[in-house]
Amino acid sequence: MRQRNPYAFIPFSAGPRSCLGRKYAMLKMKILLSTILRKYRITSDVAYQNFSLLAEITLKRGDGFNIKIEPRKTASQTGDTISS
Numbered sequence: 848m849r850q851r852n853p854y855a856f857i858p859f860s861a862g863p864r865s866c867l868g869r870k871y872a873m874l875k876m877k878i879l880l881s882t883i884l885r886k887y888r889i890t891s892d893v894a895y896q897n898f899s900l901l902a903e904i905t906l907k908r909g910d911g912f913n914i915k916i917e918p919r920k921t922a923s924q925t926g927d928t929i930s931s
């Protein structure tokens, strides 16, 4: 018996039968992240040179994510005008 393609009968794996929700989920994640970054300023008291990193399944900070999230000021709050 000849070897079959490993993706031949896996409906949510790869190739033409890959999961339709994967692209939708990635798109939603990008939209959510861009919305958060447009509306809020995210800062940290720790300089990036002082991050302690842990290499596990994913690379992450050893001391956690100590961040501040502050609303951004809109143009109407700062008095700035947009000219064209």
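Under this note's numbering, the first residue of the sequence shown carries the number 848, and numbering increases by one thereafter.
For glycine and all other residues, C-beta sits at the position ideal for the given N, C-alpha and C.
Check each candidate in K886, N913, E903 and name the one with the smallest Cα separation from N897.
N913
Express the C-alpha separation of R851 and K886 in angstroms, rounding to a whole number.
50 angstroms
I need the DSSP call for A902, collapsed to helix, strand or coil.
strand
Could you check where the alpha helix (DSSP H) with Y871 kicks off and where it finishes?
Looking at the DSSP string, the run of the alpha helix (DSSP H) that includes Y871 is 867-886.
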